[in-house]
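Residue numbers (my numbering), protein chains in the order written: chain A, -9 to 185; chain B, 8 to 53.
Glycine residues also receive a C-beta, built at the ideal position from the N, C-alpha and C atoms.
Worksheet: one structure, shown below.
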Amino acid sequence: MSDDQSFDLVGCLDRVRSHDQAAARQLVEHLYPIVIRIVRAHLPRRVPEEDLAQDVFLKMFTRLDQYQGAMPFPHWVSRIAVTTCIDQLRAQKRRPEYRWADLSEGQAEALEAVTADDSEQAPDALASHELVHRLLDQLKPADRSVIQMLDLEQKSIAEISSLTGWSPSLVKVRAFRARRKLQKLFAELRKKEGS
Amino acid sequence: MKRSNPAWERLVAAARNVPDERDVQAPFGFATRVAEIGMTSKRMGL
């Protein structure tokens, strides 16, 4: 969000509701940092981030009359952003499957470092980041987003529940399912590593 | 929440150390374009 603390969000929303295009532009500029961070975190493969951010803002304008003020407006827009990203992930019917041979040298070393029982070597951060996203890409969209928020962004169950509209129980179920799948993916990669 | 995959925990902890230094300001023309489309759709009740 813009650092400009003097931004009059309530006044801006009133003007947007009166079809003031300049206010609509200011609103997009004000909220863009929040939206783009979410889009980048949940971005499906081969989808340009700007296109997805545009979809989020167009949904925001379309649904503006439904906003009742029950939650802060930036939070309401964040929820639109998260659900739009999950919908996009769902639209990609096929999820990639990676084999040991598909990993880069750095990713393979990172995998080795974290799976070896006796390794005290810290894995390379960038290679770990790439490998994490390769693994996340193989999860179901909703499960992927839960793990992204829980483990990478370190959000609480309550925060994820609020951002997605899912109950805390459902968030926990999705996290459990995702962790089980991740464990399986690790085991498969190690098996292939050994063969 | 119970966590039982130390390899994943170590991997994700390392991954969190990668800073995201990309610009978060709207690219030039983005807000104008999106506001125009958004307001047109709104006026047309789409």
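Asked, Found
"Check whether the stretch 77 to 92 of chain A and the stretch 22 to 38 of chain A touch, using three or more Cβ-Cβ pairs below 8 Å as the test.", "yes"
"By the criterion of Cβ-Cβ separation under 7 Å, what are the contact partners of G36 of chain B in chain A?", "Neighbours of G36 of chain B on chain A: none; closest Cβ ~10 Å, over 7 Å."
"Can you list, in chain order, the residues of its chain with a C-beta nearer than 6 Å to that of S249 of chain A? Leave out the 5 residues immediately preceding and following it.", "As shown, chain A starts at -9 and ends at 185. That puts residue 249 of chain A outside it, with no answer to give."
"Using DSSP with H/G/I as helix, E/B as strand and the rest coil, what is E40 of chain A?", "helix"
"So what does DSSP say about L17 of chain A, is it helix, strand or coil?", "helix"
"Fully enclosed by the stretch 16 to 96 of chain A, which alpha helix (DSSP H) runs are 4 residues long or longer?", "39 to 53, 63 to 81"
"Are the C-beta of S118 of chain A and some C-beta of chain B separated by less than 7 Å?", "yes"
"Whole-angstrom Cβ separation of V41 of chain B and F47 of chain A, contact assumed at under 8 Å?", "5 Å"
"How about H9 of chain A: is its C-beta nearer than 7 Å to some C-beta of chain B?", "yes"
"According to DSSP, is T33 of chain B part of a helix, a strand, or is it coil?", "A small correction: the amino acid at residue 33 of chain B is Ala; Thr does not occupy that position in the sequence shown. Coil, per DSSP."
"Using a Cβ distance threshold of 8 Å, determine whether the stretch 8 to 28 of chain A contacts the stretch 57 to 76 of chain A, with at least three qualifying pairs required.", "yes"
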